[in-house]
Amino acid sequence: MALFAFVQPLHCGFISDSGGNKINVHWYKRKQNLHHVWDHTILQTEVDRFYDSDMDEFVDAIQQNITKVWADEVEEWEHCADNDLPCAALYASESTIDACKWAYKDATEGSVLKDDYFLSRSPIVNLRLAQAGVRLAAILNRVFDRKLSSSM
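Offset between the sequence shown (1-based) and the working numbering: plus 2.
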């Protein structure tokens, strides 16, 4: 679960609603559960609307943001307090905060989620994707550095 918590806040949502799986909403006109909105639909809507359905272009934009817009934050994302693998607990905690602040807010049973929800939440999804990529790379680098060091 901890790796999934890198990106999707509802993976660390409430047990009582199965992380938004039991909250049915309408994404514009299409009925789906809130978890699906955060796992798939916000991202797909952004790619379709702003990147002419070109996922590669979207990925390039995220990479550009990592190296330019968020460049000053990348070092912090790569490291947590102990610079150790249990950092996933910190990432899960961030996801719980984002779930409360962004995912659940204004998204009750039967809500119709439109542009205000989408436009205010897609930057959160983009940020979490960028953080996840940087953090996963850092974790893998630490794991493989340790393995290489111990085999020498």
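Just so it is clear, CB atoms sit at the ideal spot from N, CA and C, and this is done for glycine as well.
Keep in mind that this is a model prediction, so the values were computed, not measured.
Please report the residue range of the beta strand (DSSP E) in which residue i lies.
i, result
"Q34", "32-35"
"V76", "Run containing V76: none in the beta strand (DSSP E); it sits in the alpha helix (DSSP H), 73-80."
"V27", "26-29"
Should residue i and residue j be called a contact, given that it needs their Cβ atoms to be closer than 8 angstroms?
i, j, result
"T69", "F120", "no"
"W101", "L45", "Per the sequence shown, the amino acid found at residue 101 is Ala instead of Trp. Going by C-beta atoms, A101 is not nearer than 8 angstroms to L45."
"L36", "V49", "no"
"R137", "W72", "no"
"A132", "I64", "yes"
"W40", "A105", "yes"
Short of 6 angstroms in beta carbon distance, which residues of its chain neighbour residue i, apart from the five on each side in sequence? Order them along the chain.
i, result
"F60", "V49, Y53"
"M57", "V49"
"T98", "C14"
"Q10", "W40, D41"
Can you tell me whether residue i is buried or exposed, with buried defined as 16 or more other CB within 10 angstroms of its CB?
i, result
"L115", "buried"
"Y93", "buried"
Could you tell me which residues DSSP puts in a beta bridge with residue i?
i, result
"V39", "According to DSSP, which records beta bridges pairwise, V39 is partnered with nothing at all."
For residue i, collect the residues of the same chain with a Cβ closer than 7 angstroms to its Cβ; drop the 5 residues on either side in sequence, then sort them by chain order.
i, result
"V76", "I68, V136"
"D19", "I25"
Taking the alpha helix (DSSP H) that residue i belongs to, which residues open and close that run?
i, result
"T47", "44-52"
"D100", "89-100"
"E59", "57-66"
In chain order, what residues of the same chain have a beta carbon less than 8 angstroms from the beta carbon of residue i, not counting five sequence neighbours either side?
i, result
"Y30", "V114, L115, K116"
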